[in-house]
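Notes to accompany the following structure.
Chains as they are written, first to last, in the working numbering: chain A, -17 to 369; chain B, -17 to 369.
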């Protein structure tokens, strides 16, 4: 006999739709007339370790519905990587709050945590149902067509880059360099290349999967600028040089001992000014890439909701040790459904951007847009360009 | 007897709604059954000097309507400051294309140009009607309640800062520093302080009108961070230190010999990391602040349209030497109307942010929001914060 309550936790960086999955989970439990408490961990693993939970059981339906328009994490998140010694404390909290259904909404690290909690509960004979809800704007989880959070981040990159491209070509006094999030995975930055299709501004795009030769990059920028139609250059924050090191870093070391990359756009802009003698300015929307609700993708909002809801249905019907995964078909029209995949196979694997989708080092091929356009979703803007 | 055609030109940096004014002007001329040609200067003053005009007379109504959703300048703009020797060339173009109605849509410099063209035409006995259409996200034109373009830039700053504040407080692992446009005027950055009202994250805001003592700034940041609820710091790109110099500059010298400020957020972030030992990250949405259509203000879109339309009505009824200005009332509800003010009084004056609206150096008082909220316009987001 397991516990009778639900616990939901967020792990890692938020997305525009992580709260949508929370809404889906809470509303699914309510529609199933779930009789236990619905708890959320305050600030993710930190809240679990501290026994600091938020009781959502009686939060008004109107407030839960408002999660739809709320970016970041409404319950708080953290970047704490659990150590082996932490897991017994996690189990203590689960027992103390009589938790029978545990949902962890996050990316790779969170799925690893989820998997370990499931294994430990099984070893200790605890009838705990553990389901992972996928979330990462980086889109780097395996065994799922894509991740909730990616479509909105991709839509932000696609449309904001188009808007920057329009500005860059309407007043072509400088090369505009824009930096998008993605330390190791270029999925989001790739979406910024849609600006080349929605505007008449030349666009060069550089992803972290492909090491760049800075001299070649500058020469390509010089040639593109010489066309006289303005120029937008989009780069991933984690862009690497031929030596394998990030072109720029923040000077901050993360919890895993790695120096955090960033400032890449400024680095490229400085080189354009200094080495090419061309005016340039760097933009870094940064966290807005995962927080700008006005650019949230409809498809992403729906799927994030469904992922949260599917997790609750799965756990309450006795499933455990799985992550919700999105199965998608793109022909004749886009359609997706939720299924379950083993946590053991998701944890510690990473899906990087296919190198064959990058053309000439700085253009993104049709294959990516065939994949991503349905996820970016909704009506794309049509611009009036009269000049 | 003057010329029979219209010429419209854009000057300086675009806004989210400068194309709306173009739409208003073209549609007004069409609704008045204007019989001449409707020309636009390709890339502003550059196009006028080169005699390079775009004929908009027969552009389909559907394309003109699409100007509404198009950021940047659909006809192109430039930052060229006209020299005395340029004005006779401008007049040559106006004569060559038989222009009788000249509209210049821009900020301070453009109104100065507009004024000089009007004076010169009068001296030469040319029956030219010259009307300025105001435009600047900076909101620094005098003799108008506010400028078209400001409301949208303010809405972008207000909502994007709120979204960053939610992220900063949901995952409080770093001080988030965000830089907003404004080299001399803090109007836009002031709007970012709305984040303190829409979220529960502490927010400190620094405007270029008030020189900052960097030690005091860091000490205020340290104290605010110590509250443990995350922290958002918003700064104008043109923020100055006690020595009167920008805290950071781009290394680029503009056409007027001034070094262009910028990189201010990164400068503050570096100081937070180095001097306070607190993690920090800098964001710089940059040009998105004037190009992100998803954040355009409804009020601003309407007024920009009306300003373009009013300019055409005024010129076609014989007025000249004026700028369209917005008269606004805020009680009992917000209402605005268009009127005309003398170009001579607008050119070369600048409206800066009232120092008395800044509290304790880094908070923005109610007086500003009484002024700005109707311009930011529309429904403000209501967030679900459960933690």
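Note that the Cβ used here is the ideal one computed from N, Cα and C, for glycine as well.
None of these values were measured; they are calculated from a predicted model.
- According to the DSSP assignment, residue 359 of chain B belongs to no alpha helix (DSSP H), since it is labelled neither H nor E.
- When the beta-carbon positions are compared, residue 281 of chain A and residue 293 of chain A stay at least 8 Å from each other.
- Taking residue 233 of chain B as reference, the option from B/225, B/243, B/224 with the minimal CA-CA separation is B/243.
- Within the same chain, 312 come within 8 Å of residue 352 of chain B by CB-CB distance, once the 5 residues on both sides are set aside.
- Among the CB atoms of chain A, none fall inside 8 Å of the CB of residue -12 of chain B.
- Look at residue 155 of chain A here: in three-state DSSP terms it is coil, with no helix or strand label.
- Under the three-state reduction of DSSP, residue 266 of chain B is assigned to strand.
- Looking at the DSSP output, residue -8 of chain B shares a beta bridge with B/87.
- With its beta carbon at least 8 Å from every one in chain A, residue 328 of chain B lies outside the interface.
- The shortest CA-to-CA distance from residue 73 of chain B to any of B/156, B/195, B/-15, B/47 is the one to B/-15.
- In the DSSP assignment, residue 322 of chain A falls within the unbroken beta strand (DSSP E) covering 317 to 324.
- Interface flag for residue 115 of chain B against chain A is unset, since no Cβ pair is found closer than 8 Å.
- Residue 81 of chain B counts as buried, since no fewer than 16 other beta carbons sit within 10 angstroms of its beta carbon.
- Between residue 26 of chain A and the set A/42, A/51, A/-4, A/342, the nearest pair of CA atoms involves A/-4.
- Contact with chain B is found for residue 363 of chain A, since one of that chain's Cβ atoms lies less than 8 Å from the residue's Cβ.
- Under DSSP, residue 241 of chain A forms a beta bridge with A/235.
- 268, 269, 270, 272, 273, 274, 275, 276, 277: these are the residues of the stretch 268 to 292 of chain A whose beta carbon lies less than 9 Å from some beta carbon of chain B, given in chain order.
- When C-beta distances to chain B are compared with 8 Å, the residues of the stretch 237 to 249 of chain A below that value are 244, 245, 248, in chain order.
- If you draw a straight line from the Cα of residue 118 of chain A to the Cα of residue 218 of chain A, it comes to about 16 Å.
- Excluding the 5 residues flanking it on each side, residue 297 of chain B has same chain C-beta neighbours closer than 6 Å at 83, 111, 113, in chain order.
- At a C-beta separation below 9 Å, residue 265 of chain A has these neighbours in chain B: 266, 267, 268, 269, 270.
- Assigned with DSSP and collapsed to three states, residue 37 of chain B falls in strand.
- Beta-bridge annotation (DSSP): residue 162 of chain A is paired with A/218.
- The three-state secondary structure of residue 70 of chain B, taken from DSSP, is helix.
- Looking at the DSSP output, residue 311 of chain B shares a beta bridge with B/317.
- Rounded to whole angstroms, the separation of the alpha carbons of residue 160 of chain B and residue 245 of chain B is 10 Å.
- In the DSSP assignment, residue 277 of chain B falls outside any alpha helix (DSSP H), carrying neither H nor E.
- Against residue 24 of chain A, the close residues of chain B are 369, in the order they occur along the chain (beta-carbon pairs closer than 8 Å).
- With three or more CB-CB distances shorter than 8 Å, the stretch 333 to 352 of chain B counts as touching the stretch 189 to 201 of chain B.
- Collapsing the DSSP output to three states places residue 186 of chain A in a strand.
- Taking the Cα positions, residue 147 of chain A is about 22 Å away from residue 220 of chain A.
- Along the stretch 128 to 159 of chain A, going in chain order, the ones with a CB nearer than 7 Å to a CB of chain B are 142, 145, 146, 148, 149, 152, 153, 155, 158.
- A direct Cα-to-Cα measurement between residue 89 of chain B and residue 101 of chain B gives close to 18 Å.
- For a Cβ distance threshold of 7 Å, residue set 368 of chain B lies close to residue 38 of chain A, ordered along the chain.
- Per DSSP, reduced to three states, the secondary structure at residue 271 of chain B is helical.
- Residue 340 of chain A sits in a strand when the DSSP states are folded into three classes.
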